[in-house]
Each structure stands twice: as structure tokens, then as C-alpha cells.
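Participant: Okay, here's the structure, questions in a sec.
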Amino acid sequence: MCGAALVRASMMDWMPTFFATGIGQLPETLASGIVNGCIYALAAVSLLVVYNVTGVINFAVGDFLMAGAMLTLLFAGPNGDPHRLPLAVAVLLAVVIVTALGGLLELLVIHPRRRQGTIFLLILTIGISSVLEGGALIPTGSLTYGLRPFTSGPALSIVGVLLPRQDLWIVGSTLIVMGLLWYGATRTRIGKALRACEVNPTAARLVGIRVDRYWTIAFALGALLAAFAGAILVPVTYATYDMGIPITLKAFVAWILGGAESPVGAVAGGIGFGVLEAVVLGYSPASVANYGDAVPLLLLIVALVIRRRGLTRQMAVTRV
Amino acid sequence: MTTATERPAVLKVEDLSVAYGAVRAVRGVSLALRQAECLGVVGANGAGKTSLLAGICGLVRPAGGSVSLDDAAIGGLKVEETVRRGLVLVPERRQLFASMSVRDNLLLGSYVLGRERKVPQQLERVEELFPTLARRREQRAGTLSGGEQQMLAIARGLMSTPRVLMVDEPSLGLAPVVVDAVVDALRELRRQGMTLLIVEQNVRLAMTLADRLLVMEQGVVVRQTSADAVLDEEALVAAYLGGPTDPKAERHADDGGAGSREPSSDRSR
Numbered sequence: 006m007c008g009a010a011l012v013r014a015s016m017m018d019w020m021p022t023f024f025a026t027g028i029g030q031l032p033e034t035l036a037s038g039i040v041n042g043c044i045y046a047l048a049a050v051s052l053l054v055v056y057n058v059t060g061v062i063n064f065a066v067g068d069f070l071m072a073g074a075m076l077t078l079l080f081a082g083p084n085g086d087p088h089r090l091p092l093a094v095a096v097l098l099a100v101v102i103v104t105a106l107g108g109l110l111e112l113l114v115i116h117p118r119r120r121q122g123t124i125f126l127l128i129l130t131i132g133i134s135s136v137l138e139g140g141a142l143i144p145t146g147s148l149t150y151g152l153r154p155f156t157s158g159p160a161l162s163i164v165g166v167l168l169p170r171q172d173l174w175i176v177g178s179t180l181i182v183m184g185l186l187w188y189g190a191t192r193t194r195i196g197k198a199l200r201a202c203e204v205n206p207t208a209a210r211l212v213g214i215r216v217d218r219y220w221t222i223a224f225a226l227g228a229l230l231a232a233f234a235g236a237i238l239v240p241v242t243y244a245t246y247d248m249g250i251p252i253t254l255k256a257f258v259a260w261i262l263g264g265a266e267s268p269v270g271a272v273a274g275g276i277g278f279g280v281l282e283a284v285v286l287g288y289s290p291a292s293v294a295n296y297g298d299a300v301p302l303l304l305l306i307v308a309l310v311i312r313r314r315g316l317t318r319q320m321a322v323t324r325v
Numbered sequence: 060m061t062t063a064t065e066r067p068a069v070l071k072v073e074d075l076s077v078a079y080g081a082v083r084a085v086r087g088v089s090l091a092l093r094q095a096e097c098l099g100v101v102g103a104n105g106a107g108k109t110s111l112l113a114g115i116c117g118l119v120r121p122a123g124g125s126v127s128l129d130d131a132a133i134g135g136l137k138v139e140e141t142v143r144r145g146l147v148l149v150p151e152r153r154q155l156f157a158s159m160s161v162r163d164n165l166l167l168g169s170y171v172l173g174r175e176r177k178v179p180q181q182l183e184r185v186e187e188l189f190p191t192l193a194r195r196r197e198q199r200a201g202t203l204s205g206g207e208q209q210m211l212a213i214a215r216g217l218m219s220t221p222r223v224l225m226v227d228e229p230s231l232g233l234a235p236v237v238v239d240a241v242v243d244a245l246r247e248l249r250r251q252g253m254t255l256l257i258v259e260q261n262v263r264l265a266m267t268l269a270d271r272l273l274v275m276e277q278g279v280v281v282r283q284t285s286a287d288a289v290l291d292e293e294a295l296v297a298a299y300l301g302g303p304t305d306p307k308a309e310r311h312a313d314d315g316g317a318g319s320r321e322p323s324s325d326r327s328r
């Protein structure tokens with residue numbers, strides 16, 4: 006459909022659609038936005054952790070998520086498969102493998118080239134993304150796969166809003182992971198050292214922190230967060246080998262919308278973007294909703310225009 | 060001084076050179092630092108003092124020469140590793156973790172100790188030396204005053220219980236009153252037997268602290284002597300260090316005369 010037709014279509018049917026699908030579904034729309042937002046938030050925090058410590062924009066974040074989803078499927082198996090592992094074991098195994106993969110790829114691919122500048126490293130992560138996609142395509146083919154929800158049963162009604170059980174799993178476990186992340190960053194030695202690398206890498210070296218190793222740790226942690234998002238997402242969506250890049254884009258938008266600096270910002274950006282996306286798509290006529298994937302790109306342009314500083318690191322202000 | 064010369068050298072630097080591309084900032088500097096000794100390195104801006112420290116601790120890879128700590132060669136090791144051997148640099152302009160609390164800055168200072176039991180002890184000792192920091196534990200380091208930040212930088216350096224503490228420009232950008240507090244702390248450290256290497260642009264201040272002074276100029280040591288000897292030639296030193304104008308240089312020399320009693324009284328302790 007050409008642009009003019011698209012505009013005409015939207016002008017003709019936007020308003021009636023809005024009132025027809027109605028305010029009545031707004032709570033459900035918002036809820037599904039929050040659920041998707043949790044996934045974006047996890048992926049955005051993954052981007053943030055890697056970027057803050059290493060200065061690298063990890064374009065492969067969505068593919069780590071895909072790998073987490075695929076491996077969870079592989080281990081948990083489709084319904085009725087007698088060889089499948091218990092769900093908790095499957096998720097744990099998938100997350101552990103992807104975490105190790107993240108660290109390993111940093112060591113083998115990023116590390117030898119880490120002095121070559123951020124653009125070079127960004128392109129390397131695009132390469133990693135392609136390799137992961139290809140690696141998933143070979144065993145899975147272009148088929149789509151789904152998994153049963155973590156707990157079966159009808160949707161639960163909470164203050165009058167119908168929520169599928171897996172949605173509650175997603176929101177609840179995201180909260181728990183964020184809580185653990187906060188605890189780790191503020192209370193543990195490794196967490197503090199990671200933050201030290203991020204706040205002042207020179208000072209980190211001066212107190213004896215091997216900043217090189219924390220690059221690996223940051224990539225592993227980033228992969229962990231993405232893989233976990235993939236594992237909890239797979240029961241509500243279909244996993245495909247090429248699901249990664251759209252999620253990378255959305256995570257990127259969420260990260261920028263949240264200010265690109267703090268984890269709280271990234272989470273807010275993720276949830277905010279999820280809700281915005283759900284509302285825009287939920288209340289648009291089908292002719293517009295078909296262009297759904299353009300929403301994050303449009304928002305990205307808007308966010309980058311507003312955010313004039315671009316992506317430079319905020320310099321620490323120290324008094325003399 | 061005689062007692063100091065009898066003690067074995069803790070830190071030995073021989074023929075050290077540091078280069079940034081084609082620019083050689085330090086050219087063939089040698090020095091030896093004995094247990095519980097305080098060595099001052101003075102010189103004008105750009106004389107290579109900071110580069111010397113960077114080359115010794117491995118923040119910059121030396122272009123040549125050797126560094127040894129307790130007779131083990133550490134030249135060429137990265138700074139992350141020399142810290143583990145017990146050589147700690149308190150850098151120029153502090154380099155704190157500005158957005159983190161005073162307490163977290165100190166705990167990160169003891170990073171190389173891991174979970175050793177001496178960490179809480181060391182924290183206690185350091186907070187005793189700098190009571191201001193104990194009162195500001197939860198405050199973010201970036202919000203401290205300049206003097207407090209300098210104290211925190213030194214305190215953080217002490218947290219790993221170093222063999223040698225190197226302090227770069229402790230008085231830089233601080234008000235005179237605040238400088239006194241920082242100097243008092245360094246003097247107390249020296250009294251406790253800490254081996255110190257202090258780089259300082261302010262000669263008089265360096266003299267009040269150090270047992271011996273090295274004077275650097277354009278990357279080489281042009282004079283190496285005891286603090287007293289430099290004192291006798293104060294005017295000459297002032298000329299080396301290139302005071303901004305001549306009248307000021309003379310006034311510095313006068314002030315130096317007044318401050319000259321301090322180091323000798325220190326040593327008599």
C-alpha cells in the first residue's frame with residue numbers, strides 16, 4: 006500500500022476504530038503492554054550493562070534472547086515429549102548456556118579487538134548476531150515453535166482485568182530479576198567492581214580491578230538477562246530463528262527512551278515503550294497496525310532528535 | 060637519614076623511560092626508596108613527574124628500564140597487577156568513583172584483598188586517620204569538597220595495605236587550610252612507617268614532608284639530595300621550577316626560609 010492510501014485509510018477509520026474497540030479493552034491493552042514491556046526492559050538493561058562497562062552497543066542482544074528461547078524449547082520439549090526436562094531445569098540450563106556463550110564470544114571475538122573503537126565493535130556484534138541467527142536456522146529451520154505456559158489454567162482475573170498466567174510469570178520474574186540485579190550491583194564485591202569499571206575505568210585499574218575480565222563478565226551478564234527474557238517469553242510467542250533483530254531494535258529504543266544511563270531508566274523505557282506500542286497497535290485500524298514494526302523506528306528517530314547529546318557517556322562531575 | 064640508608068630498598072627504579080609516541084616524557088630516571096622513607100619528587104609542570112609515577116606503577120607501559128618491589132621485578136606489569144604486589148598510586152586529580160558512596164570507594168580500595176578479614180580492620184584504621192570520611196560514609200564521593208576528595212583518594216589507596224604509597228600532587232587545587240589537613244595526614248602516615256613517594260609541584264610543601272627530594276626537569280633528574288641541601292639552594296630550586304615571575308619566586312624563597320624549621324623538627328620526632 007502506498008503512503009497516500011495509508012494516510013487516507015487512517016483518516017477514514019482511525020476515530021471510529023478507537024471508539025469501537027473501545028475504552029473497555031484499555032485495561033487489557035495496558036496490561037499486555039506492560040508484559041511486553043518487561044521483556045523490552047530486560048533486553049534494554051542487558052544493552053545498558055554491556056554498554057556502561059565496555060562502551061559497546063551489543064547488537065546481538067535480541068539473538069541472545071532468541072537463543073535463550075530456543076534452548077528452553079529444546080530442553081523443555083513440546084507437549085507430550087517423554088524426554089523433556091522439567092521446566093525449571095530447562096530454563097536454568099538454557100540461561101546458563103547462553104550466559105557462557107555471551108562470555109565466550111566476548112573473549113574470542115570482542116576481546117582481541119577491544120582497542121579498535123566502538124563502531125568497529127558494534128559491527129562485530131552485528132556479526133555475532135548473524136552467526137547466532139544462522140546457528141539457530143540450521144537445526145530449527147524456518148519453522149516456528151511455541152511452548153506451554155509455565156503453569157496451566159485459565160486466565161486470572163485481577164481487579165477485573167483478565168490476565169493469562171504466563172503474563173504474571175513474566176511480570177513477576179522480571180521484578181525478581183531486577184531486584185537481584187539491584188542487590189548484586191549495590192551489595193556484592195563483583196557488582197561494585199562492575200559499577201567501578203563503569204563509573205571510572207582508570208580508577209578501577211588503580212584499585213586492582215582487572216577491567217578486561219569485567220568486559221567478559223558484562224557480556225555474560227548481558228547474555229544472561231536476554232536469555233532469561235527469551236525463556237519466559239517463549240510460552241506467549243512463537244520462537245523463530247529471526248526473532249532477535251526486531252527485539253534488539255525495540256530494546257534499543259527502550260534504552261534510549263529511558264535516558265541510556267541508569268537501569269531504572271532502562272526499565273521505565275522498556276515498560277513505557279511496551280505500553281505505547283500496545284496502545285498504538287491496539288487502537289489503530291488494521292491498515293496501520295500492519296506497519297507495527299515501524300513504530301519502534303519512528304520512536305527511535307523522535308528519541309534521538311530530542312536527546313541532543315546523542316550517545317556520549319555522561320561525564321562524572323567532580324569538584325576541585 | 061643514616062638509619063634510612065641502612066634499611067634495604069623497597070622500591071628500586073633503574074633507568075626508567077616513559078614515552079608517549081615520539082615524545083619521551085621520562086628519560087632514564089633511577090631512584091631507590093627505602094622502608095619507611097618519604098621521597099619527594101619536585102619539578103615544574105611537564106617535567107615528567109606524573110609520567111614517572113605512571114611508568115613505575117604500570118599505568119603506562121615503560122619504554123625502557125626496570126622497576127622492582129621487594130627485589131621482585133614488576134616493570135612492564137599492568138597497574139592492576141602492581142597493586143596486587145603492594146604498589147599503590149593515589150593519582151593526580153583523585154580519580155574517585157564519583158557517583159558511589161565514600162564507603163563503597165573505600166571498600167573498592169581493598170578490592171585486591173578479596174574477602175580477607177583484615178578489610179574491616181583496615182577500614183577502621185583508615186577512618187581513624189581521616190575522621191571526616193567516617194562522618195561522611197554514605198555521601199557520594201563526587202559531592203565531597205576538594206580536600207575531602209583528596210583525603211578519600213589517599214584513604215582508598217591505603218585500603219589495600221600497600222608496601223609503597225605513591226601520591227601525585229596531593230595539594231593540587233586545594234585551599235591552603237585544606238592542604239594543611241592533607242599534609243598532616245601524610246605526615247601521620249610517615250610517622251606510622253608507611254613508605255611514601257610524593258610528587259609535588261610545591262617545593263616547600265614537599266620539603267616539609269620528604270626525607271629526600273628529587274628535582275626533575277624535562278624528563279630527567281637534575282638534582283637528587285636531602286631536603287636540607289635543597290633548602291640551602293632554595294633560590295636555585297625556584298629558578299629550576301620556573302616561578303611565574305621573578306618577584307614571586309623571590310617571595311617563595313623567603314617563605315621557604317620560614318618553613319625550613321619544619322622538616323628538621325619532624326625528623327627529631
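In the order they appear, the protein sequences are chains Y and E. Heads up: the first sequence runs through residues 6 to 325, numbered per this note's numbering. Heads up: the second sequence runs through residues 60 to 328, numbered per this note's numbering. Note that the Cβ used here is the ideal one computed from N, Cα and C, for glycine as well.
Would His-116(Y) and Trp-187(Y) qualify as a contact pair, given that the criterion is a beta-carbon distance under 8 Å?
Facilitator: The answer is no: Cβ separation not under 8 Å.
Participant: Classify Ile-195(Y): buried if its beta carbon has 16 or more other beta carbons within 10 angstroms, exposed otherwise.
Facilitator: Result: exposed.
Participant: When the cut-off is 8 Å and only beta carbons count, does Ala-190(Y) lie next to chain E?
Facilitator: Chain E, which has no Cβ nearer than 8 Å to the Cβ of Ala-190(Y), makes this no.
Participant: If you measure from the beta carbon of Leu-167(Y) to each beta carbon in chain E, is any gap under 8 Å?
Facilitator: Leu-167(Y) does not count as touching chain E.
Participant: Apart from the five residues on each side of it in sequence, which residues of its chain come closer than 7 Å, Cβ to Cβ, to Arg-120(E)?
Facilitator: Hits under 7 Å: Gly-135.
Participant: Cβ of Leu-180(Y) within 8 Å of Cβ of Ala-190(Y)?
Facilitator: Going by C-beta atoms, Leu-180(Y) is not nearer than 8 Å to Ala-190(Y).
Participant: So, for Lys-255(Y): in the same chain, excluding its five sequence neighbours on each side, which residues have a beta-carbon less than 7 Å away from its beta-carbon?
Facilitator: The residues are Tyr-45, Phe-278, Pro-301.
Participant: Considering only C-alpha positions, which residue in the set Val-284(Y), Glu-282(Y), Ala-244(Y) is nearest to Tyr-1(Y)?
Facilitator: Lying before the first or after the last residue shown, residue 1(Y) is absent from chain Y, which here runs from 6 to 325.
Participant: If you measure beta-carbon to beta-carbon, which residues of the stretch 201-218 of chain Y are closer than 7 Å to chain E?
Facilitator: Per Cβ criterion, the list reads Ala-201, Val-204, Asn-205, Thr-207, Ala-208, Arg-210, Leu-211, Val-212, Gly-213, Ile-214, Arg-215.
Participant: Who are the near neighbours of Pro-67(E) in its chain, counting only those whose CB is closer than 6 Å to its CB and skipping five residues on each side?
Facilitator: No residues qualify anywhere along the chain.
Participant: Enumerated in chain order, which unbroken segments of the beta strand (DSSP E) with a length of 3 residues or greater are wholly contained in the stretch 217-291 of chain E?
Facilitator: Those beta strand (DSSP E) runs which fall completely within the stretch 217-291 of chain E and span 3+ residues are 223-227, 254-259, 271-276, 279-285.
Participant: By alpha-carbon positions, which one of Leu-109(Y), Ser-51(Y), Ala-225(Y) ends up nearest to Ala-259(Y)?
Facilitator: The shortest Cα separation from Ala-259(Y) among Leu-109(Y), Ser-51(Y), Ala-225(Y) belongs to Ser-51(Y).
Participant: Roughly how many whole angstroms lie between the Cα atoms of Ile-128(Y) and Arg-119(Y)?
Facilitator: If I take the Cα positions, the gap works out to 12 Å.
Participant: Nearest to Gly-132(Y) by alpha carbon, out of Phe-69(Y), Val-100(Y), Leu-173(Y)?
Facilitator: Residue Phe-69(Y) is the option with its Cα nearest to Gly-132(Y).
Participant: Is there a Cβ from chain Y that is less than 8 Å from the Cβ of Ala-298(E)?
Facilitator: Reliability fails at Ala-298(E), whose pLDDT of 48 lies under 50, so the model's placement of it is uncertain and the value that follows must be treated cautiously. Chain Y contact via Cβ: absent.
Participant: Would you mind sorting Ile-143(Y) into buried or exposed? The rule is 16 or more other CB atoms within 10 Å of its CB.
Facilitator: It is exposed - the Cβ of Ile-143(Y) has fewer than 16 other Cβ atoms within 10 Å.
Participant: Taking DSSP as the reference, what is the three-state secondary structure of Val-88(E)?
Facilitator: Val-88(E) falls in the strand class under three-state DSSP.
Participant: Any Cβ of chain Y within less than 8 Å of the Cβ of Met-225(E)?
Facilitator: Cβ-Cβ to chain Y under 8 Å: no for Met-225(E).
Participant: If we call anything under 8 Å between Cβ atoms a contact, is Gly-287(Y) one with Thr-34(Y)?
Facilitator: The answer is yes: Cβ separation under 8 Å.
Participant: Could you name the residues of the same chain whose beta carbon sits closer than 7 Å to that of Ala-321(Y), not counting the 5 residues immediately before and after it, in chain order?
Facilitator: Summary for Ala-321(Y): the model assigns pLDDT 35, below 50, so the residue's position carries little reliability; its value from the coordinates is reported in the next sentence. Hits under 7 Å: Val-204, Asn-205.
Participant: Skipping 5 residues on each side, what residues in its chain have a beta carbon closer than 7 Å to that of Cys-97(E)?
Facilitator: Arg-249, Leu-255, Ile-257, Leu-268, Ala-269, Asp-270, listed in sequence order.
Participant: For Leu-304(Y), which residues from the same chain have a beta carbon less than 8 Å from its beta carbon, with the 5 sequence-adjacent residues on both sides left out?
Facilitator: If we look at Leu-304(Y) and ignore the five residues flanking it on each side, its Cβ neighbours are Val-258, Leu-262, Phe-278, Leu-281.
Participant: Going by C-alpha to C-alpha distance, which of Val-216(Y), Leu-110(Y), Gly-38(Y), Pro-32(Y) sits closest to Gly-227(Y)?
Facilitator: When only C-alpha atoms are compared, the closest one is Leu-110(Y).
Participant: Pairs of beta-carbons, one from the stretch 222-235 of chain E and one from the stretch 71-88 of chain E, closer than 8 Å: are there three or more?
Facilitator: Flag = no, the stretch 222-235 of chain E and the stretch 71-88 of chain E do not touch.
Participant: Please list, in chain order, all residues of the same chain as Leu-70(E) whose beta carbon is under 6 Å from its beta carbon, the five residues on each side excluded.
Facilitator: Same-chain partners within the cutoff: Leu-92, Leu-128, Val-223.
Participant: For Ala-223(Y), decide whether its Cβ has a neighbour in chain E, counting only Cβ atoms nearer than 8 Å.
Facilitator: Not closer than 8 Å to any Cβ of chain E, the Cβ of Ala-223(Y) fails to qualify, so no.
Participant: Grouping DSSP H, G and I as helix and E and B as strand, with all else coil, what is Val-119(E)?
Facilitator: Val-119(E) falls in the coil class under three-state DSSP.
Participant: Can you tell me where the alpha helix (DSSP H) holding Lys-177(E) begins and where it ends?
Facilitator: That run of the alpha helix (DSSP H) goes 177-188.
Participant: Taking the beta carbon of Thr-193(Y) as the centre, do at least 16 other beta carbons fall within 10 Å, making it buried, or is it exposed?
Facilitator: Counting Cβ neighbours within 10 Å, Thr-193(Y) comes out exposed, since fewer than 16 surround it.
Participant: Can you list the residues of chain E that Ala-198(Y) reaches, using a CB-CB cut of under 9 Å?
Facilitator: By Cβ distance, chain E contributes Leu-167, Tyr-170.
Participant: Can you tell me the Cα-Cα spacing of Gly-123(E) and Ile-311(Y), whole angstroms?
Facilitator: If I take the Cα positions, the gap works out to 50 Å.
Participant: Our contact map puts Glu-228(E) next to Arg-210(Y) with C-beta atoms below 8 Å; I'd like the distance itself, whole angstroms only.
Facilitator: The Cβ separation is near 19 Å, so there is no contact.
Participant: Have a look at Arg-143(E) and Arg-162(E) and give me their C-alpha separation to the nearest angstrom.
Facilitator: Cα to Cα, Arg-143(E) sits roughly 21 Å from Arg-162(E).
Participant: Note down the Cα distance separating Gly-107(E) from Val-88(E), rounded to an integer number of angstroms.
Facilitator: The straight-line gap from Cα to Cα measures roughly 10 Å.
Participant: Quick one: residues in its chain with C-beta nearer than 7 Å to the C-beta of Thr-191(E), no 5 flanking neighbours on either side, listed in chain order?
Facilitator: The residues are Glu-207, Met-210.
Participant: Could you tell me whether the Cβ of Val-138(E) comes closer than 8 Å to any Cβ of chain Y?
Facilitator: Yes, Val-138(E) counts as interfacial toward chain Y.
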